[in-house]
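Chemist: Okay, here's the structure, questions in a sec.
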Amino acid sequence: MNILLLGSGGREHALAWKLAQSPSVEKFYASPGNPGIAEHAICVNLDVSDHGSVILFCARNDIDMVVVGPEAPLVDGLAESLRMAEIFVFGPDKAPAQLEGSKGFTKDLCARADIPTAGYVRTTNQAEALAALDKFSIPVVIKADGLAAGKGVIIAETREQAEDAIAMMFDGGFGDAGAEVVIEEFLTGEEASFFAITDGKNVLPFGSAQDHKRVGEGDTGPNTGGMGAYSPAPVLTPALQKQVMDQIIQPTVDTLAAEGTPYSGVLFAGLMLTDTGPQLIEYNARFGDPECQVLMMRLQSDLAAIMLATAKGELDQISAPEFDQQSALTVVMAAKGYPATPEKGGKIRNLSGAESEGVKIFHAGTAEDDGALIANGGRVLNVTALGSNTTEAQGKAYAAVDKIDFETGFCRRDIGWREVAREAEG
Ligand code: AMP
Ligand code: GLY
């Protein structure tokens, strides 16, 4: 089969690396790709906002399946346009992609399907939001409804902060994403991520992970896209995973199907493990970055076959995806200045010397300059390792980090700390 993969980050390098291992993959294109992806696929430059040009590329190059990495083209309806052109695609249509595109949409769906989630109110102007605030205790969570590159959530520790956040969002602080604002009850507990793939009818669990969103050690400093992750997340015990499947994932899939907007692709659930059980914090309509890197490191099944079965609505005809029992951990190496203004152009050397059996380095924001590898984004490399547990995977990942020559880069040294501490306690 011929595949076109869309995206350019570490998530897409991990997907490309795994897809390239599939015996069924013949011609393999990526757009725009990156130097790591270019080791597996022919990189081309398509304008994903021009659906017609993507469809034309697929027709000319006999593409059998398109894999959409990031959320923006999904929320923009690219998957739907491709499906209408009779091209198989891994990723949901526009309406069900609203699970990621609109926080209010997801909250309303949870209310209709009785899915455990924080209490909320949707508001469309400042006066309404300020009035609604009275119904909540402090701390309270203020969220821009739309896509805000992971930045649209403010946890207000005082009423004043909540009012400021509301004013900022309705003043356009997050652009159109803040035209609607969701006010939410603050939940406490440990966060974990759970993945499931679905063709709209059939659902298969696809692993768990935990990430580190803050830029600094000890989970301090500004939020980022994610500074590291590990999989599995043992806090999501088999019993909790069953509860998440039964109470959150399955009702979501069933409700969307019943309403005539079936969801096809991967569902990425951000969960809060509260005293009263797992609650849904948010959905994403794609794999996490860097969660995908640790999932791909552990996946033993044929990814292309799983994705094609998903796209065709035939997930009931394949066996459940198998994962290595080992743990995988990834450390993000970012360019100095990230997440504010990352320094571009820094030289990167000795990636091949740092890789070994069970250690893989995925490219995120890299570029080639005169044959040399340079930093070209905020998150630059994902140094990923397998180990018998999180502690061993962490040791192997940092040993590899220490072999990489990347003067303008930095990373957190404590990725996996929660699980490493639990493993030390035994
Ligand atoms: P989101 O973009 O919805 O994932 O939110 C970003 C982060 O904000 C989450 O990973 C949580 O740490 C936090 N958060 C979001 N909603 C809540 C909530 N209702 N209670 C507590 N923390 C939350
Ligand atoms: N790492 C979090 C995300 O991909 O949304």
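Take 0 as the starting number for the sequence shown in numbering that gives the first Met the number 0 and just add one per residue.
No residue lacks a Cβ here, since even glycine has one placed at the ideal position from N, Cα and C.
Rounded to the nearest angstrom, what separates ILE2 and THR309 at their Cα positions?
Modeler: 14 Å
Chemist: Please report the straight-line C-alpha distance between LYS241 and PHE193, rounded to a whole angstrom.
Modeler: 11 Å
Chemist: Need the endpoints of the beta strand (DSSP E) that ASP210 sits in, please.
Modeler: 202–210
Chemist: How would you write the range of the beta strand (DSSP E) that SER326 sits in, first residue to last?
Modeler: Segment 326–334, the beta strand (DSSP E) holding SER326.
Chemist: Identify the residues that DSSP records as bridge partners of ALA29: which are they?
Modeler: LEU4 and CYS42
Chemist: May I ask whether a heavy atom of the ligand GLY can be found less than 7 Å away from the beta carbon of ASN381?
Modeler: no
Chemist: Using a Cβ-based criterion (distance less than 7 Å to any ligand heavy atom), does GLY376 qualify as near the ligand GLY?
Modeler: Relative to the ligand GLY, even the nearest heavy atom lies 7 Å or more away from the CB of GLY376.
Chemist: Around the ligand AMP, what residues have a beta-carbon under 5 Å from a heavy atom of it, in chain order?
Modeler: Residues flagged by the Cβ proximity filter: ALA117, VAL140, VAL152, GLU183, PHE185, LEU186, GLY269, ILE280 and GLU281.
Chemist: Contact between the segment 394–407 and the segment 341–353 is defined here as three or more beta-carbon pairs at a separation below 8 Å; is this criterion met?
Modeler: yes
Chemist: Please return the same chain residues whose Cβ sits closer than 8 Å to the Cβ of VAL243, not counting the five positions on each side in sequence.
Modeler: Contacts found: PHE193, LEU235, ALA268, LEU270 and PRO277.
Chemist: From ASP368, GLY68 and LYS93, pick the residue whose C-alpha is nearest to that of ASP75; which is it?
Modeler: LYS93
Chemist: Taking the beta carbon of ASN124 as the centre, do at least 16 other beta carbons fall within 10 Å, making it buried, or is it exposed?
Modeler: exposed
Chemist: Consider the C-beta atom of PRO221 and the heavy atoms of the ligand MN; say whether any pair is separated by less than 7 Å.
Modeler: What this structure holds is the ligand AMP and the ligand GLY, not the ligand MN.
Chemist: Is DSSP giving ILE247 helix, strand or coil here?
Modeler: helix
Chemist: Please classify ILE305: is it buried, with 16 or more other beta-carbons within 10 angstroms of its beta-carbon, or exposed?
Modeler: buried
Chemist: Where are the beta strand (DSSP E) runs, 3 residues long or more, that stay fully inside the segment 275–339, in chain order?
Modeler: Within the segment 275–339, the beta strand (DSSP E) runs of at least 3 residues that lie entirely inside it are, in chain order, 276–283 and 326–334.
Chemist: Taking the alpha-carbon positions, what's the LYS212 to GLU162 distance?
Modeler: Using only the alpha carbons, I get a separation of about 25 Å.
Chemist: Which class does TYR229 belong to by DSSP, given the choice of helix, strand or coil?
Modeler: strand
Chemist: Looking only at DSSP bridge pairs, what is LEU146 linked to?
Modeler: According to DSSP, which records beta bridges pairwise, LEU146 is partnered with nothing at all.
Chemist: Contact defined as beta carbons within less than 8 Å: I believe GLY217 pairs with MET332. What is the distance between those atoms, to the nearest angstrom?
Modeler: The pair is not a contact, with the Cβ atoms about 19 Å apart (cut-off 8 Å).
Chemist: From SER101, GLY9 and GLU290, pick the residue whose C-alpha is nearest to that of ARG378; which is it?
Modeler: GLY9
Chemist: Run the proximity test for PRO289: is its beta-carbon closer than 7 Å to any non-hydrogen atom belonging to the ligand GLY?
Modeler: yes
Chemist: Would you kindly report the start and end of the unbroken beta strand (DSSP E) that includes VAL120?
Modeler: 119–122
Chemist: List in chain order: all unbroken beta strand (DSSP E) runs of 3+ residues lying wholly within the segment 147–181.
Modeler: Under the rule that a run must span 3 or more residues, the beta strand (DSSP E) segments found entirely inside the segment 147–181 read 152–155.
Chemist: Check this for me: beta carbons of VAL202 and GLN246, under 8 Å apart or not?
Modeler: no
Chemist: Please report the residue range of the beta strand (DSSP E) in which GLU367 lies.
Modeler: Run containing GLU367: 365–368, per the beta strand (DSSP E) assignment.
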